[in-house]
Structure formats: structure tokens, C-alpha cells
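Residue numbers (numbering that gives the first Met the number 0), protein chains in the order written: chain A, 0 to 464; chain B, 0 to 102.
Down below is the structure, laid out as C-alpha cells.
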Amino acid sequence: MISANLLAIFYLISGVLFILALRGLSSPETSRQGNLFGIIGMAIAIGVTIISVGSFSTGFIYLLILLLVGGSIGAFIAFKIPMTAMPELVAGFHSLVGLAAVFVAISAFLNPEVFKLGSPGNIKIASLIEMSLGASIGAITFTGSVIAFLKLRGLMSGSPITFFGQHYLNLILGLIVVGLIFYLCKTQVNNWFWILIIISFLLGVLLIIPIGGADMPVVISMLNSYSGWAAAGIGFTLENTALIITGALVGSSGAILSYIMCKGMNRSFFNVILGGWGATDQTSSKKSGEQKPVKSGNADDAAFLMKNASSVIIVPGYGMAVAQAQHALREMVDALKKNGVKVTYAIHPVAGRMPGHMNVLLAEANVPYDEVFELEEINNDFANCDVAYVIGANDVTNPVAKTDPQSPIYGMPVLDVEKSKSVLFVKRSLSPGYAGIDNDLFYRDNTLMLFADAKKMTEDIIKSL
Amino acid sequence: MEIDPFIFRLSIFILSIFIGYYVVWSVTPSLHTPLMSVTNAISSVIIVGAIIAALAGESENIFDSANIFGFLAIILAAVNIFGGFLVTQRMLAMYKKKRKDKK
Numbered sequence: 000m001i002s003a004n005l006l007a008i009f010y011l012i013s014g015v016l017f018i019l020a021l022r023g024l025s026s027p028e029t030s031r032q033g034n035l036f037g038i039i040g041m042a043i044a045i046g047v048t049i050i051s052v053g054s055f056s057t058g059f060i061y062l063l064i065l066l067l068v069g070g071s072i073g074a075f076i077a078f079k080i081p082m083t084a085m086p087e088l089v090a091g092f093h094s095l096v097g098l099a100a101v102f103v104a105i106s107a108f109l110n111p112e113v114f115k116l117g118s119p120g121n122i123k124i125a126s127l128i129e130m131s132l133g134a135s136i137g138a139i140t141f142t143g144s145v146i147a148f149l150k151l152r153g154l155m156s157g158s159p160i161t162f163f164g165q166h167y168l169n170l171i172l173g174l175i176v177v178g179l180i181f182y183l184c185k186t187q188v189n190n191w192f193w194i195l196i197i198i199s200f201l202l203g204v205l206l207i208i209p210i211g212g213a214d215m216p217v218v219i220s221m222l223n224s225y226s227g228w229a230a231a232g233i234g235f236t237l238e239n240t241a242l243i244i245t246g247a248l249v250g251s252s253g254a255i256l257s258y259i260m261c262k263g264m265n266r267s268f269f270n271v272i273l274g275g276w277g278a279t280d281q282t283s284s285k286k287s288g289e290q291k292p293v294k295s296g297n298a299d300d301a302a303f304l305m306k307n308a309s310s311v312i313i314v315p316g317y318g319m320a321v322a323q324a325q326h327a328l329r330e331m332v333d334a335l336k337k338n339g340v341k342v343t344y345a346i347h348p349v350a351g352r353m354p355g356h357m358n359v360l361l362a363e364a365n366v367p368y369d370e371v372f373e374l375e376e377i378n379n380d381f382a383n384c385d386v387a388y389v390i391g392a393n394d395v396t397n398p399v400a401k402t403d404p405q406s407p408i409y410g411m412p413v414l415d416v417e418k419s420k421s422v423l424f425v426k427r428s429l430s431p432g433y434a435g436i437d438n439d440l441f442y443r444d445n446t447l448m449l450f451a452d453a454k455k456m457t458e459d460i461i462k463s464l
Numbered sequence: 000m001e002i003d004p005f006i007f008r009l010s011i012f013i014l015s016i017f018i019g020y021y022v023v024w025s026v027t028p029s030l031h032t033p034l035m036s037v038t039n040a041i042s043s044v045i046i047v048g049a050i051i052a053a054l055a056g057e058s059e060n061i062f063d064s065a066n067i068f069g070f071l072a073i074i075l076a077a078v079n080i081f082g083g084f085l086v087t088q089r090m091l092a093m094y095k096k097k098r099k100d101k102k
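What follows is the structure in C-alpha cells.
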């Protein structure tokens, strides 16, 4: 056994280690050490909890077996998962945290004596509120993340699913959740707790289905945030400092990421959450139906242009991830560098399906991170660059966002690709991007369209270099 | 009058939100994906609740319904802890500076 005070101090230490783990991510050099701090913090938390329970009988053996089983599954996934599948992996992991929060809340509800919260049917009101909130947010996180996972994995259509009165239904369900928590506290009847969890599961599904594929960065960050708040709720119930600190950290982290992603699209958080881009504004996309002249080229043209350039900026987008073109891209850049061309990468905050998605893929392909720049850092360089190579990105390069107040993406920060001397745009067709609007860039005089699969085209260019 | 311990926990909670706010803003955007996976891993510290739920109060029958939920939560959290930290490690190992020696 271990004294309650000592236990609390150990939990505080793991809380501090978790803070250091996040702090380490301020630069790639310190990040690996940060991750180590996180692992140590987790080991301390688990270790002292086991000691505090102090029973080393059959239950303990089950515990070790389960840790080992869960751990091997987790390790297996971590080593096998391709980097392009990171968004769905993170969504999947969020769902597990959510479900774990629900389970812990349920067991605290069924067996409150263990956690010193009172007895069944007579649980402390504060604890009851905390555990209901934890369970409810956990349940929303679980089903919401499952839907996000299915959409990202392509097992479910990425297009928004909307129906009449959807938002009112969600609002009503949300109010029911609040009402149920209130009622539960008053009556302490078990059934209300189960109904609360079921309705929260339903709410999680309904909240995420109207959100489309390219809005996933916001959704994943939001669910990240939710999983933190759920953990914090449970932390209050269990009176556990490590959980409270962690929950607050994760909650605010997810919230900040959602904010950054929303800003990257110049949309309000509610606009994203209420789903369906352009559902209100279809007018500007309709009128551009007529055929406009487009210059298209082949790999040899592209190779010629880039070989004779002195600087090239690469603009990757989700299409690069889909085509798995990051390795080919790096080879192309190596070949260009041998010819004395200066090459950098420009990343839009919402490129890809999760925050930082493109950076991870480029890192995987051995692109040094000091050649990769964010929008604000590099946007002025387009004016002095000879060739911009746009691979798999679309809406984030559309100059319409700066010029046409009618456009649904007006005001969204975009990469000033059109300012470079020439633009190579790798794309399979002229179809519009996620926002459903035509990209003005396709028809500019200095744009050369390369109609092909991103990976195939990049490989062809390597050959002609 | 004595202060309710709840207030202390609430203070920790609120201050941690502020710490989280400043720490996360200092995270470089290129590491946002590892940030998500590591926050995911640390939020699995919820496993401490699961361990207590599963082990404590095991008087006669350890497969009491309350304990079962604890054990289930242990598995889920364990997948997350190992998966989350290891995949973060794997990602972070890929972030390299410009090589000076090669080519």
C-alpha cells in the first residue's frame, strides 16, 4: 500500500511529465525526448495505481495479461500502419479513449464504493454530474470518431449526409442529455444513466455525418478535444490529478488545433460543424460552365521547365497522399537539386485530412524538415520563384479566394501560386475541388496542366530529367 | 470555513487549461500530427480509473459487472497507450534536418 498523499504526488509528477511531452513538440529536435517524458509519465501513473490497489492476486494477473494483449495490438498497429493512413488511425484511437471513458464511468456508477463516491443509489451529486458528463462526452467521442474513421478510411462516403431538421434534432438530443443528467441526479435511477449513454452514442453519429471529407481536419481536432474533456470529467469523479491535468491539456490542445484549422479555411467553427460546404452559396459555381482555354503539357515539358528554373516551390495536397506520391516527389526533387535548382515545399494549414498531414508524409519520404515551410513563411517567395509544382492540391491555391467576394471560399488564406513565373498543376481532370468551385488557376496563361495521376506524372518527370 | 477539495481540483483543471493553451501554441505546425497522436496516448491515462475499477473491491467475484467494464477499459486504453506512443515515436524519428554529408 501507498499513502494517499504520496500517490497524489506521483500523479502530479506524471501530469508534469505530460506537460513536458507536449512542450517537447515545439521543435523536432526536442520532440523525441518529449515523447520519452510522456512514456515515463504514463509508466509512473500505471505503476503507482497498481501499487495503491495493492492486491497481487488473480485480478492482478488478468490485469497484466490484458495490458500485454492490448499493448501488443497497439504496438502491432503502430508499426504496421502506413503513414498515409495516419488520419484514420488517430480517429480510431480517439474512439478507444472515448469508449474507455464510458466504461470507467459505468463501473464507477455501478460500484461507487470502490472510488469512495457513496453507495449505489446514493452517489454524491457532484460525482454523479462529473461521471455523467464524462460518460456522455466519452460516448459522443466514441461514435463520432467511429464515423470519422469510416469516412477517412473510405468505408463510408465522404460526402456530407444531411436531412431536414437535422440541426434541430441534434439540439433537442443535446437538451435531452442535459435533462437526463439533471433527472439522474434527482432520482439516482439506473435506467436514466443507460438512456443517457445511448442518446450520447446517437448524438455522436448525428454530429459527424453531415461533415464532408475535406473538413476532417477540424473534426479530428474537435474529437481530440472531446476525448480530453471526457478524461477530465472522469478525473474529477476519481479525484485524480494526473487525469485532470491530462484532460485539460488534451482538451485545450484539440480546441486550438480546431481553431487553427478553421482559420485556415476562413470559416467559423459552427459553420464547419453544421456541415456541408457551399450548401448555401451555389451561385458562383454555376456560372462558370462554359469551356475556357486550358494549356496542357506532358512530363517532358514539365521536366524542361523545372530543369531550367533556378527555384521551384512544391505545393502538395491531399491528392499526393491518395496517390502515395511522396517518395517519387522526393526523388524528383533530388534530381532537380543535382541540376542546381533550389527547391522548397509550401504547406497550407488545411492541406490533407488532419493537421500536419503533409509534413508527416514528406518526413516519411526523407524530406528534411527545414526545406518545408508554412503558408505565412513562404507566401512571399512565390513572386520570385520560377516554377510552382502543385501536386494534389486545389482549393488552397485558388486565387478566387482573394478576388471574388461572391465565392464561398472568399477570404480563405491561399498560397499565391499564380505569382510564380509558371505553374505546373498535376491533376487528373479539370474537376473542381472540395469546395465545388472552379479553380481560376487552370486557365491562367502561365499555368501548364499535367493531366495524370500524381505519382505516375512525377515518375515520368524523373525519367525525362 | 473549510474549502471543499473540489475547488482545489477545479483550480488545477483551470490552470492546466492555460498551460495547455500556451504549450500547444508553441508547438510547431509541422508537428501537429505527432501532437494529435501523443495527446491521444496521454489521454489514455484514464487507464488508472480502469485499473481501480477492475481490481479494487474484488472481494469474492472478480467478474462482477463493474469489474468487467474496468477490464474492458484496460484493454482499450492499453491499445491506445502503446499504439499512441509508438506511432508518435515512429513519426518523430522521420523528422530529419538537411543532411550535410550525403550527396
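Even for Gly, the Cβ is constructed at its ideal location relative to N, Cα and C.
It should be emphasised that the depicted structure is a prediction, and the values quoted were computed from it without experimental measurement.
Asked                                                                                                             : Found
Within-7 Å CB hit, Tyr20/B to chain A                                                                             : yes
is_contact[Ile312/A, chain B] using C-beta, thresh 7 Å                                                            : no
7 Å Cβ cutoff, Ser10/B in contact with chain A                                                                    : no
Burial state of Asp3/B, where buried means 16 or more other Cβ atoms lie within 10 Å                              : exposed
Chain A contact for Ile80/B (CB, 7 Å cutoff)                                                                      : yes
Those residues which DSSP pairs with Asn79/B across a bridge                                                      : According to DSSP, which records beta bridges pairwise, Asn79/B is partnered with nothing at all.
Partner residues on chain A for Ile74/B, Cβ-Cβ distance less than 7 Å                                             : Leu65, Val68 and Gly69
Buried/exposed call for Thr87/B, threshold 16 Cβ in 10 Å                                                          : buried
Chain B within 7 Å of Asn223/A, Cβ atoms only                                                                     : yes
Own chain partners of Lys341/A with C-beta closer than 6 Å, once the 5 adjacent residues on each side are dropped : Ser310
Status (buried if at least 16 other CB within 10 Å, exposed otherwise) for Ser158/A                               : exposed
Complete beta strand (DSSP E) runs within the segment 423-456 of chain A (minimum length 3 residues, chain order) : 446-450
Host beta strand (DSSP E) of Thr343/A (start-end)                                                                 : Lys341 to Ile346
DSSP-derived helix/strand/coil call for Ile6/B                                                                    : helix
From Lys401/A, Leu237/A, Ile461/A and Ser295/A, residue whose alpha carbon lies closest to that of Lys337/A       : Ile461/A
Cα-Cα separation, Pro216/A to Gly351/A                                                                            : 8 Å
Proximal chain B residues relative to Glu238/A, where beta-carbon distance stays under 7 Å                        : Arg8
Beta-carbon gap between Met130/A and Thr236/A smaller than 7 Å                                                    : yes
Continuous beta strand (DSSP E) stretch holding Ser257/A: start and end                                           : That residue, Ser257/A, is in no beta strand (DSSP E); its alpha helix (DSSP H) goes Thr240 to Met264.
Per-residue contacts from Gly318/A into chain B (C-beta, under 8 Å)                                               : Result: empty, since nearest Cβ-Cβ is about 18 Å, beyond 8 Å.
Beta carbon of Met85/A nearer than 7 Å to that of Thr32/B                                                         : yes
CB contact flag (Ser252/A, Thr38/B, <7 Å)                                                                         : yes
Ser144/A at chain B interface by Cβ criterion, 7 Å                                                                : no
beta-carbon Val86/B near the ligand NAD non-hydrogen atom, thresh 6 Å                                             : Absence of the ligand NAD from the depicted structure is noted, as is the absence of any ligand whatsoever, leaving it without description.
CB contact below 7 Å: Ser131/A versus chain B                                                                     : no
Proximity to Lys426/A [Cα-Cα], best of Phe381/A, Leu132/A and Gly296/A                                            : Gly296/A
Beta-bridge pairing of Phe372/A - partner residues as DSSP gives them                                             : Ala345/A
Boundaries (first-last residue) of the alpha helix (DSSP H) holding Pro315/A                                      : Looking at the DSSP string, Pro315/A is not in any alpha helix (DSSP H); the run it does join, the beta strand (DSSP E), is Ser310 to Pro315.
7 Å Cβ cut-off: residues of chain B touching Ile76/A                                                              : Gly82
Interface flag, Leu214/A vs chain B, CB-CB below 7 Å                                                              : For clarity, residue 214/A is Asp in the given sequence; the question names Leu instead. Asp214/A does not count as touching chain B.
Inter-residue spacing [alpha-carbon to alpha-carbon] between Thr279/A and Pro407/A                                : A caution first: Thr279/A carries a pLDDT of 40, below 50, which makes its placement in the model too unreliable to give a value.
Limits of the unbroken beta strand (DSSP E) element including Tyr388/A                                            : Val386 to Ile390
Ile233/A in three-state terms, based on DSSP                                                                      : helix
Test: Met93/B CB closer than 7 Å to a CB of chain A                                                               : yes
Reduced DSSP category for Gly120/A - H, G, I as helix; E, B as strand; rest coil                                  : coil
Proximity below 7 Å, CB of Pro111/A to CB of Tyr94/B                                                              : no
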